[in-house]
Amino acid sequence: MKIRQSGMPEESMWREFFEPQTTLIRLGLNRQCVDVAEFGCGYGTFTIPAARIISGRVKAFDIDPIMIEATRSKTTAEGIDNVDVKLCDFVGNGTGLADESIDYVMLFNILHGEDPHELLYEAHRILRPNGIAGILHWNHDPATPRGPDMMIRPKPEQCRAWAIESQFHTDALSPIIIPPYHYGWMMKKPKR
Ligand SMILES: C[S@@+](CC[C@H](N)C(=O)[O-])C[C@H]1O[C@@H](n2cnc3c(N)ncnc32)[C@H](O)[C@@H]1O
Numbered sequence: 001m002k003i004r005q006s007g008m009p010e011e012s013m014w015r016e017f018f019e020p021q022t023t024l025i026r027l028g029l030n031r032q033c034v035d036v037a038e039f040g041c042g043y044g045t046f047t048i049p050a051a052r053i054i055s056g057r058v059k060a061f062d063i064d065p066i067m068i069e070a071t072r073s074k075t076t077a078e079g080i081d082n083v084d085v086k087l088c089d090f091v092g093n094g095t096g097l098a099d100e101s102i103d104y105v106m107l108f109n110i111l112h113g114e115d116p117h118e119l120l121y122e123a124h125r126i127l128r129p130n131g132i133a134g135i136l137h138w139n140h141d142p143a144t145p146r147g148p149d150m151m152i153r154p155k156p157e158q159c160r161a162w163a164i165e166s167q168f169h170t171d172a173l174s175p176i177i178i179p180p181y182h183y184g185w186m187m188k189k190p191k192r
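Anchor point for the sequence shown: position 181 equals 181 in UniProt numbering, and the numbering is continuous, going up by one each time.
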């Protein structure tokens, strides 16, 4: 089931909202990350920059064939060979990735869905101990030029609480500010 209000505007508009490489680095993605999963790759806005940062592969999932094709064609055009793009409904079905097989999960502009815990549980399941879930979301501010309705748009403290309820850990009490319109969290899967 497609997550509510997860449709995309024109790509030319969407890409104006982000500085993907800086955002990824601020959210803890680095060369030590080998296996990376992305829940809802959209146009590949973050997929391609992530593939350039890490030393392994990005496994990018989306339910929308148009988004899959957009991301796949970028990998071809830019000569990126470490991205696996997969058409998949991760709501209900999960990602199909093995337990504890991933170093970093990207949950970007997706936690306003019907059941954020379901996505966080799946992220937790596939992450290795000490793995990181990077959360990015629109500021809780009606003045942003896009973003889900304020009724369903999570506040930063709400994302933090959901992650902790899903067995993630952070000492951070404040979100990472990602100008101009976003905030983020780095959530760690603790060692057992
Ligand atoms: C708001 S967009 C964000 C895209 C990307 N994460 C970004 O920030 O640029 C959300 C994406 O999630 C995808 N999506 C929504 N529901 C999904 C589901 N159940 N399974 C897989 N992908 C889904 C949508 O097709 C869309 O491309």
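A virtual CB, placed ideally from N, CA and C, is assigned to each residue, including glycine.
Exercise. Cβ-heavy atom distance between F168 and ligand 1 below 7 Å?
Worked result: No; taking the cut-off as 7 Å, the Cβ of F168 has no heavy atom of ligand 1 nearer than that.
For this session: Check whether the Cβ atoms of L29 and A50 lie closer than 8 Å to each other.
Result: yes
Exercise. K74 lies in the beta strand (DSSP E); which residues open and close that run?
Worked result: No beta strand (DSSP E) holds K74; the alpha helix (DSSP H) holding it covers 65-77.
For this session: Figure out for me which residue from G40, G79, S73, A77 has the closest Cα to the Cα of I135.
Result: G40
Exercise. With distances taken between CB atoms, is the gap from H137 to Y183 smaller than 8 Å?
Worked result: yes
Exercise. Hey, would you say R31 sits closer than 8 Å to I3, going by beta carbons?
Worked result: no
For this session: Thinking H124 and Q167 are a contact (beta carbons under 8 Å), I'd like their distance in whole angstroms, please.
Result: 5 Å
Exercise. Out of R192, E114, F18, S101, which has the shortest C-alpha to C-alpha gap to V58?
Worked result: When each option's Cα is compared against that of V58, the closest is S101.
Exercise. In chain order, what residues have a CB nearer than 5 Å to some heavy atom of ligand 1?
Worked result: The answer, residue by residue, is K2, I3, S6, G40, G42, T45, D62, I63, D64, M67, D89, F90, V91, F108, N109.
Problem set entry | Nonlocal neighbours in the same chain, by C-beta distance under 6 Å from K86, ignoring five residues either side | Excluding residues within five positions, the ones whose Cβ falls inside 6 Å are F61.
Exercise. Do you know how far the Cα of I48 is from the Cα of I80?
Worked result: Between I80 and I48, the C-alpha separation is close to 8 Å.
Problem set entry | Contacts around T95, its chain only, beta-carbon distance under 7 Å, and the 5 residues preceding and following it disregarded | Once the five neighbours on either side are set aside, the close Cβ partners of T95 are A37, F61, C88, E122, I126.
Exercise. Where does L136 sit, in a helix, a strand or coil, going by DSSP?
Worked result: Strand, per DSSP.
For this session: Identify, in the order they occur along the chain, each residue of the same chain with its Cβ nearer than 8 Å to the Cβ of I176, setting aside the five sequence neighbours on each side.
Result: Around I176: R26, L27, Y183, G184, W185, M186.
Problem set entry | DSSP-derived helix/strand/coil call for V36 | Residue state, collapsed to three classes: strand.
Exercise. Going by DSSP, which residues form a beta bridge with W185?
Worked result: DSSP lists I135 as the beta-bridge partner residues of W185.
Exercise. If you compare alpha carbons, which of E16, Q5, S6 is closest to P145?
Worked result: Minimum Cα distance to P145 is reached at E16.
For this session: Take K188 as the anchor and find which of Y181, A172, P180, P179 has the nearest alpha-carbon.
Result: A172
Exercise. Are T71 and Y104 closer than 8 Å when you measure CB to CB?
Worked result: no
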